[in-house]
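Undergrad: Sharing a structure here in C-alpha cells format.
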Amino acid sequence: MNTLLEILSEKTAAAFEAAGYDASFGKVSVSNRPDLCEFQCNGAMAGAKQNKKAPLAIASEVAAKLSDCDAFSSVEAVPPGFLNLKIREDFLSSYLMDCDKCEKPGLEPLNKALKIIIDYGGPNVAKPLHVGHLRSAVIGEAVKRLCAYMGHEVIGDIHLGDWGLQMGLIIHELSLRQPELPYFDENFEGEYPQEPPFTLSQLEEIYPAASARSKEDEDYKAAAMNATYRLQHGDRGCRALWQHIMDLSKADLKKNYDHLNVSFELWNGESDVDPLIPALVERLEKTGLLYESEGAKVIDVKEESDTKEMPPCMILKSDGASLYATTDLATLVMRMDETDPDRVIYVVDKRQQMHFDQVFRVAKKTGIVPEKTELKFIGFGTMNGRDGKPYKTRDGGVMRLEYLLSDIKDVMQKKMEENKNSSGKEEDYDIDRTARMVSVAALKYADLSNQATKDYIFDMDRFTSFEGNTGPYILYTMVRIKSILKRWQDEKGGDLSSVRLSDARGSGEKDIQLRLAAFNTMIKGAYEELAPHRICAYIYELADSFNSFYHDTKILSEEDKDVQAGWIALLKYTLRIFEICIDILGFEAPDRM
Ligand code: ARG
58 MNTLLEILSE KTAAAFEAAG YDASFGKVSV SNRPDLCEFQ CNGAMAGAKQ NKKAPLAIAS
118 EVAAKLSDCD AFSSVEAVPP GFLNLKIRED FLSSYLMDCD KCEKPGLEPL NKALKIIIDY
178 GGPNVAKPLH VGHLRSAVIG EAVKRLCAYM GHEVIGDIHL GDWGLQMGLI IHELSLRQPE
238 LPYFDENFEG EYPQEPPFTL SQLEEIYPAA SARSKEDEDY KAAAMNATYR LQHGDRGCRA
298 LWQHIMDLSK ADLKKNYDHL NVSFELWNGE SDVDPLIPAL VERLEKTGLL YESEGAKVID
358 VKEESDTKEM PPCMILKSDG ASLYATTDLA TLVMRMDETD PDRVIYVVDK RQQMHFDQVF
418 RVAKKTGIVP EKTELKFIGF GTMNGRDGKP YKTRDGGVMR LEYLLSDIKD VMQKKMEENK
478 NSSGKEEDYD IDRTARMVSV AALKYADLSN QATKDYIFDM DRFTSFEGNT GPYILYTMVR
538 IKSILKRWQD EKGGDLSSVR LSDARGSGEK DIQLRLAAFN TMIKGAYEEL APHRICAYIY
598 ELADSFNSFY HDTKILSEED KDVQAGWIAL LKYTLRIFEI CIDILGFEAP DRM
C-alpha cells in the first residue's frame with residue numbers, strides 16, 4: 058500500500074501537471090505549522106525558478122485545480138507560495154480502513170525477503186552480565202524484531218566471548234585451589250566427572266579474583282596465558298573444565314536474557330570458529346595482501362578518503378596467536394558458508410568502531426564477504442548514571458544486570474502498591490508479575506528512546522515515572538485503552554468484531570487518525586535507518602494524542618451508539634498499533650496496572 062503522503066503527493070502532482078507544471082513539484086509533506094494545516098506542499102517555490110513566475114501565482118493555479126479533489130477539505134495558496142492542505146475526514150478514515158485490512162497495517166508483503174544476521178549481546182562467558190552489555194541486548198533485539206516485522210528472515214547470533222584469557226584465568230586459579238582435580242592430572246585417561254567442580258556463584262567469585270591477581274603477579278599471568286594456550290590447543294582437561302564453565306554460564310545468561318525478553322537463534326561463540334583460523338590465514342596468505350610487520354601478520358586497510366588514522370588489521374601476533382579481528386573474520390567465513398546472508402548487522406559499543414572498520418575492509422578486499430553482502434555496524438554509546446559516569450552500583454562497583462532489573466522492579470512495585478491503596482478500588486491483579494513487565498518496559502524504553510549512538514543517562518526516577526516520555530507511560534496508556542474496551546464489552550454489551558472506524562468528528566479524533574495513518578511511513582523509516590528510537594517517538598506522540606482525546610471525550614457514557622462504536626473502533630485500532638510497536642521494542646503490556 059502507498060503511504061498517505063505518497064497518495065496525497067500523487068493528487069498534488071496531478072494538479073501541478075494539469076496547471077501546466079512539472080509533476081515532480083507535487084511532493085506533499087507533513088505540515089510544520091500544524092496550527093494552520095495538516096499537510097503542505099512547497100513545490101511552487103521550486104516551480105517558480107524553473108518557470109520564471111511568482112510562486113504564489115503557481116500555488117494559486119494548483120489550488121484551483123485541487124478545489125474538487127476528493128482528498129482535501131481545504132487547499133490554500135499562501136505567501137510566498139506554499140500550499141496549505143487539510144485532508145477530508147472521509148478520505149482519512151477510508152485510508153485507515155484500508156490499512157486496517159492489511160496483515161500489517163498499511164504495508165504490503167515484501168517482494169524479496171533478505172537474509173539478515175544480527176550479531177548482538179556479545180557477553181563474555183564467566184563474567185557476570187553487567188550493564189555494559191545491556192544496550193547491545195536491548196537495541197539488538199529491537200533491531201532484529203524490526204527487520205523480522207518488515208518480513209525479512211533474521212537470525213540473531215549472540216557471539217559469545219568464550220575463548221579468551223578469561224577462561225585461562227579461571228582454569229589456572231582452579232588448578233591452584235583444587236590441584237587434586239583430575240582435570241589437572243596429565244596422566245588421567247578416564248571420563249571426567251559430569252558435575253562441575255564449582256557452582257555458578259563460586260565461578261563468579263573466581264574470575265574477578267584471578268583477574269585482579271594477574272594484574273599484579275607476572276608469573277601468575279604467564280601461567281594463565283599458558284592455560285589459555287593449552288585450552289586452545291586441545292588439552293583434554295582444560296577442554297572439559299571449559300565445558301563446565303560454558304554450561305553453567307550459558308544457563309545463567311539464558312535466564313538473564315529471558316527476563317529481558319531477549320532470545321537468540323544462534324548461540325555461537327568465538328570458540329566455534331577457532332578451528333577455521335588456520336584455513337583463514339592460508340586464504341588470506343593467498344590473496345597476497347597479508348604481510349609481515351615486526352613479526353606480526355597484517356593487512357593494510359587504509360583508504361585515501363580516510364580522515365582518521367587507520368592502522369593495518371592485525372591477523373596474527375608475532376607468537377602466532379590469533380586476535381579479536383581474526384575471530385571476527387573467521388566468524389564471517391562461517392556465516393557466509395552456512396547462511397550466505399544479504400546483510401550482517403553488528404550491535405556493539407561504539408568504541409569498537411575502528412575494529413569493525415578494519416574487519417569489514419579486510420573481509421571485502423579479500424573476498425571473504427562478496428560485494429552484495431552488506432556489513433553494517435551499529436555502535437551505541439554508554440549508559441551513564443545521573444553523575445554522567447558509567448552506571449555503577451551505589452558503592453561504585455560494576456552494576457550487574459540482575460540487580461539493576463530487580464531495583465527497577467522494586468520501585469515499580471512500590472508505586473503500584475501506592476496507587477492501589479490510594480485508588481480504594483478492589484484490584485486483584487498480580488502486582489509482582491505486572492511490576493516485572495513494567496520494569497522491563499521502563500528499562501528498555503529508557504534505552505531505546507535515545508538515538509543508539511548517543512550516551513544516555515539512566516535516571517531511575519525519570520524512567521519509572523508514569524508521566525512523560527517513559528515506558529510506564531506508554532503501558533499506562535495501553536492499559537487505559539484495554540480497560541475502556543473491556544468495560545464497553547462487559548457493561549454495554551458491545552461486540553468488538555462489529556465496530557467500524559468512522560469519520561472523525563472532532564480535532565482530537567482526527568489527530569489520532571492522522572497519527573495512525575502515519576504508521577507505515579514511520580515503520581519504513583525506522584527500518585531504513587535501523588532506528589528503534591523512531592518507534593518510541595511515534596508511540597509517545599500517539600499516547601499523547603490518545604490521552605488528550607480521552608480527557609475531552611466521555612466515551613463510555615456517550616448516548617449516540619453509532620458515535621460510540623466509531624470511537625471504540627478507533628481505540629481498537631490504536632491498541633493494535635501500540636501492540637505492534639511495543640512488540641518490536643521487545644516488551645509487553647499488562648491488562649491492568
Ligand atoms: N564480547 C565482545 C565484548 O565484550 C563483544 C562482541 C561483539 N561482537 C563481535 N562480533 N565482535 O567486547
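Counting from 58, one number per residue, gives the positions in the sequence shown under this note's numbering.
We treat Cβ as the ideally placed atom computed from N, Cα and C, and that holds for glycine.
Bear in mind that the values here come from a model prediction, so they are computed numbers and not experimental data.
Taking the Cβ atom as the reference point for each residue, do D214 and I174 lie within a distance shorter than 8 Å?
TA: As a first step, residue 214 is located in the sequence shown; it is residue number 157 there, counting from the start. As a first step, residue 174 is located in the sequence shown; it is residue number 117 there, counting from the start. Yes; because the gap between Cβ atoms is below 8 Å, this pair is in contact.
Undergrad: Confirm the yes/no value for this check: CB of Y403, any heavy atom of the ligand ARG, distance under 7 Å.
TA: The residue labelled residue 403 in the question sits at position 346 within the sequence shown. Yes.
Undergrad: Using a Cβ distance threshold of 8 Å, determine whether the segment 400-407 contacts the segment 435-449, with at least three qualifying pairs required.
TA: yes
Undergrad: Using a Cβ-based criterion (distance less than 7 Å to any ligand heavy atom), does H216 qualify as near the ligand ARG?
TA: Taking the sequence shown and counting its residues from 1, the one referred to as residue 216 is at position 159. At least one heavy atom of the ligand ARG is nearer than 7 Å to the Cβ of H216, so yes.
Undergrad: Using alpha carbons as the reference points, say which of D242, L628, A266, V330 lies closest to A297.
TA: By one-based count along the sequence shown, residue 297 stands at place 240. Closest option to A297, Cα to Cα, is D242.
Undergrad: With DSSP run on the structure shown, which of helix, strand or coil describes H190?
TA: By 1-based counting over the sequence shown, the position of residue 190 is 133. Three-state result, H190: helix.
Undergrad: Around the C-beta of K109, are 16 or more other C-beta atoms found within 10 angstroms, so that it is buried, or is it exposed?
TA: Counted from its first residue, the sequence shown places residue 109 at position 52. Exposed.
Undergrad: In the DSSP assignment, the beta strand (DSSP E) including K702 goes from what residue to what residue?
TA: Coverage of the chain is limited to positions 58 through 650, which leaves residue 702 absent and any answer about it impossible.
Undergrad: Please state if the CB of C638 and the CB of I612 are separated by a distance shorter than 8 Å.
TA: Sequence index remark: in the sequence shown, residue 612 carries index 555 (1-based). Sequence index remark: in the sequence shown, residue 638 carries index 581 (1-based). In this structure, C638 does not lie closer than 8 Å to I612 by Cβ.
Undergrad: Which residues share a DSSP beta bridge with G551?
TA: Here residue 551 refers to the residue found at position 494 of the sequence shown. G551 pairs with nothing; no bridge assigned.
Undergrad: Please state the DSSP three-state secondary structure of R234.
TA: Residue mapping note: residue 234 aligns to position 177 of the sequence shown, counting from 1. In the structure shown, R234 sits in a helix (DSSP, three-state: H, G or I).
Undergrad: Measure the Cβ-Cβ separation of L93 and N141 and say whether it is below 8 Å.
TA: By 1-based counting over the sequence shown, the position of residue 93 is 36. By 1-based counting over the sequence shown, the position of residue 141 is 84. Their beta carbons are under 8 Å apart, which means L93 touches N141 by this criterion.
Undergrad: C98 lies in the beta strand (DSSP E); which residues open and close that run?
TA: The residue given as residue 98 occupies position 41 in the sequence shown. Where C98 is concerned, the enclosing beta strand (DSSP E) stretches over 96-98.
Undergrad: Whether or not the segment 316-327 and the segment 248-268 are in contact is what I'm after, with contact meaning three or more pairs of Cβ atoms, one per stretch, closer than 8 Å; do they touch?
TA: no
Undergrad: Flag this pair as touching only if the segment 223-240 and the segment 285-299 have three or more C-beta atom pairs under 8 Å; answer yes or no.
TA: yes
Undergrad: Taking 7 Å as the cut-off, is the CB of D568 close to at least one heavy atom of the ligand ARG?
TA: In the sequence shown, the residue the question calls residue 568 occupies position 511. No.
Undergrad: Does L233 pass the burial test, meaning 16 or more other C-beta atoms within 10 Å, or should it be called exposed?
TA: Along the sequence shown, one-based indexing puts residue 233 at 176. Looking at its Cβ environment, which holds fewer than 16 other Cβ atoms inside 10 Å, L233 is exposed.
Undergrad: Keeping to the same chain, check which residues put their C-beta closer than 8 Å to that of Q289; ignore five residues upstream and five downstream.
TA: Mapped onto the sequence shown, residue 289 falls at position 232. Closer than 8 Å at the Cβ level, and outside the excluded window around Q289, lie W220, D331.
Undergrad: Have a look at E118, G138, Y403 and flag the residue whose alpha-carbon is nearest the alpha-carbon of Q97.
TA: The residue you call residue 97 lines up with position 40 of the sequence shown. Nearest Cα to Q97 within the set E118, G138, Y403: G138.
Undergrad: Taking 7 Å as the cut-off, is the beta-carbon of D26 closer than that to any non-hydrogen atom of the ligand ARG?
TA: What is shown of the chain runs 58 to 650, which leaves residue 26 out entirely.
Undergrad: Taking contact to mean 3 or more Cβ pairs, one atom from each stretch, closer than 8 Å, check whether the segment 180-195 and the segment 565-578 are in contact.
TA: no
Undergrad: Based on Cα-Cα distance, which residue from M393, N283, L505 lies nearest to V200?
TA: Indexing the sequence shown from 1 puts residue 200 at position 143. Nearest C-alpha to V200: L505.
Undergrad: Going by the beta-carbon positions, is the gap between L153 and P136 smaller than 8 Å?
TA: Position 96 of the sequence shown, counted from the first residue, corresponds to residue 153. Position 79 of the sequence shown, counted from the first residue, corresponds to residue 136. In this structure, P136 does not lie closer than 8 Å to L153 by Cβ.
Undergrad: Could you name the residues of the same chain whose beta carbon sits closer than 6 Å to that of T491, not counting the 5 residues immediately before and after it, in chain order?
TA: Here the question's residue 491 lines up with position 434 in the sequence shown. Sequence-distant Cβ neighbours of T491 in its own chain, meaning closer than 6 Å and more than five residues away, are P647, M650.
Undergrad: Any heavy atom of the ligand ARG closer than 7 Å to the CB of G345?
TA: Here residue 345 is taken as the residue at index 288 of the sequence shown, counted from 1. Set against 7 Å, the gap from the CB of G345 to the closest heavy atom of the ligand ARG is not smaller.
Undergrad: In chain order, what residues of the same chain lie with their CB nearer than 8 Å to the CB of A574, ignoring the 5 residues before and after it?
TA: What you label residue 574 is simply residue 517 of the sequence shown in a count that begins at 1. The residues are L61, L149, Y152, L153, C156, G163.
Undergrad: On the criterion of 16 or more Cβ atoms from any shown chain inside 10 Å, does S306 qualify as buried, or is it exposed?
TA: Here residue 306 is taken as the residue at index 249 of the sequence shown, counted from 1. By the neighbour-count rule (16 or more Cβ atoms within 10 Å), S306 is buried.
Undergrad: So, for S614: in the same chain, excluding its five sequence neighbours on each side, which residues have a beta-carbon less than 6 Å away from its beta-carbon?
TA: In the sequence shown, the residue the question calls residue 614 occupies position 557. If we look at S614 and ignore the five residues flanking it on each side, it has no Cβ neighbours.
Undergrad: Does the beta-carbon of S68 have 16 or more other beta-carbons within 10 angstroms, so that it is buried, or is it exposed?
TA: In the sequence shown, residue 68 corresponds to position 11, counting from 1. Inspection of the sequence shows that residue 68 is occupied by Lys rather than by Ser. By the 10 Å Cβ count, K68 comes out buried.
Undergrad: Helix, strand or coil for M207 per DSSP?
TA: Walking along the sequence shown from the start, residue 207 turns up at place 150. Coil at M207, not helix or strand.
Undergrad: Grouping DSSP H, G and I as helix and E and B as strand, with all else coil, what is S328?
TA: As a first step, residue 328 is located in the sequence shown; it is residue number 271 there, counting from the start. Three-state DSSP puts S328 in a helix.
Undergrad: Per DSSP, what kind of secondary structure is P398 in: helix, strand or coil?
TA: Along the sequence shown, read from residue 1 onward, the residue named residue 398 stands at position 341. Coil at P398, not helix or strand.
Undergrad: Less than 6 Å between C-beta atoms, sequence neighbours within five positions excluded: which residues of the same chain meet that for E146?
TA: One-based indexing of the sequence shown puts residue 146 at position 89. Excluding positions up to five away in sequence, the list reads D560, A561.
Undergrad: Taking three-plus beta-carbon pairs below 8 Å as touching, is the segment 466-484 in contact with the segment 445-452?
TA: no
Undergrad: Quick check on this structure: which residue in D394, S555, H590, M535 has the alpha carbon closest to the alpha carbon of T631?
TA: In the sequence shown, the residue the question calls residue 631 occupies position 574. The shortest C-alpha separation from T631 is found at M535.
Undergrad: Measuring CB atoms only, is the segment 242-251 touching the segment 361-380, in the sense that at least three cross pairs come out at less than 8 Å?
TA: no
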